[in-house]
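Protein sequences appear in the order of chains A and B. Residue numbering for the first sequence follows our numbering, beginning at 51 and increasing consecutively. Residue numbering for the second sequence follows our numbering, beginning at 224 and increasing consecutively.
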Amino acid sequence: AQKVTQAQTEISVVEKEDVTLDCVYETRDTTYYLFWYKQPPSGELVFLIRRNSFDEQNEISGRYSWNFQKSTSSFNFTITASQVVDSAVYFCALHSSGAGSYQLTFGKGTKLSVIP
Amino acid sequence: DGGITQSPKYLFRKEGQNVTLSCEQNLNHDAMYWYRQDPGQGLRLIYYSQIVNDFQKGDIAEGYSVSREKKESFPLTVTSAQKNPTAFYLCASRGTGHDTKNTEAFFGQGTRLTVV
């Protein structure tokens, strides 16, 4: 069984503040992939990043950065200098292909509100 | 352009009626998924299919049915047995090759179903 926990249900920050969204995962497989998605008010999920279990290198893309730590089973997402356009629901997801399964498991999401 | 299309965007159903939600992709993806989203519940997996003519139940399959007669299409039928069908439904597809670039899922714009 696999599980993704996003303990923060809602976060509010003032524009230009930094914010970190937490994600903790559980899986018995040694090969797995982790993802972050953004869901704006329109509803469609937008892919942000993929990380595989063999690559613990952190990644930065503009104002976004991700911290993957296998030791704590966490894949946290930081937005630097937040903007109003960052307001959305953010989902962390896990895919592991153990036993031939192709399930993709999502956390419950964190709603981020950036206040001008 | 390649992508995944869900229709209709909004759907109203009378109690006791079956209704079918459409999902079509032209990404040549093998795997397709249906998720249900309720406020505060995140995304819950209804059904998924790894290959044509094969599909598996997800966490909340009761009251739903699917078919996968073509690679491009994965329609979801919400039957009268589904006691609380009002929700936002998201369809996704992903590649299943060994190339890691195929691992992220792409989502449609969603169908908002309301039972009246």
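Beta carbons: idealized from backbone N, C-alpha and C, even for Gly.
In chain order, Gly93 make up the part of chain A whose C-beta sits under 8 Å from the C-beta of Phe311/B. Taking C-beta atoms as the reference points, Thr337/B and Thr302/B fail to come closer than 8 Å. Excluding five sequence positions before and after Ala57/A, the CB atoms of its chain that fall closer than 8 Å to its own CB belong to Asp72 and Val74, given in chain order.
Of the residues assessed, Ser92/A falls on the exposed side of the cut-off, its CB having fewer than 16 other CB atoms within 10 angstroms. For a cut-off of 8 Å, the C-beta gap from Phe141/A to Gly265/B is around 7 Å, short enough to register as a contact. Residue state for Lys120/A is assigned as helix, using DSSP reduced to three classes.
Runs of the beta strand (DSSP E) spanning 3 or more residues and lying entirely within the stretch 56-99 of chain A occur at 60-64, 69-71, 74-76 and 82-89, in chain order.
Note on Gly157/A: 16 or more other CB atoms within 10 angstroms of its CB, so buried under the neighbour-count rule.
Note on the stretch 241-279 of chain B: whole beta strand (DSSP E) runs with a minimum of 3 residues are 242-248, 254-261 and 265-274, in chain order. Within the stretch 61-86 of chain A, the residues whose Cβ lies closer than 7 Å to any Cβ of chain B are, in chain order, Tyr83 and Phe85.
Around the beta-carbon of Ala51/A, fewer than 16 other beta-carbon atoms lie within 10 Å, marking it exposed. For Arg113/A, the nearest beta carbon of chain B is not closer than 8 Å to its own beta carbon. If you ignore the 5 residues before and after Phe104/A, its C-beta comes within less than 8 Å of the C-beta of Thr81, all in its own chain and listed in chain order. In chain order, Phe85, Tyr87, Leu95, Phe97, Ala143, His145 and Leu154 make up the part of chain A whose C-beta sits under 9 Å from the C-beta of Ala328/B.
Taking 8 Å as the CB threshold, Leu266/B lines the interface with chain A.
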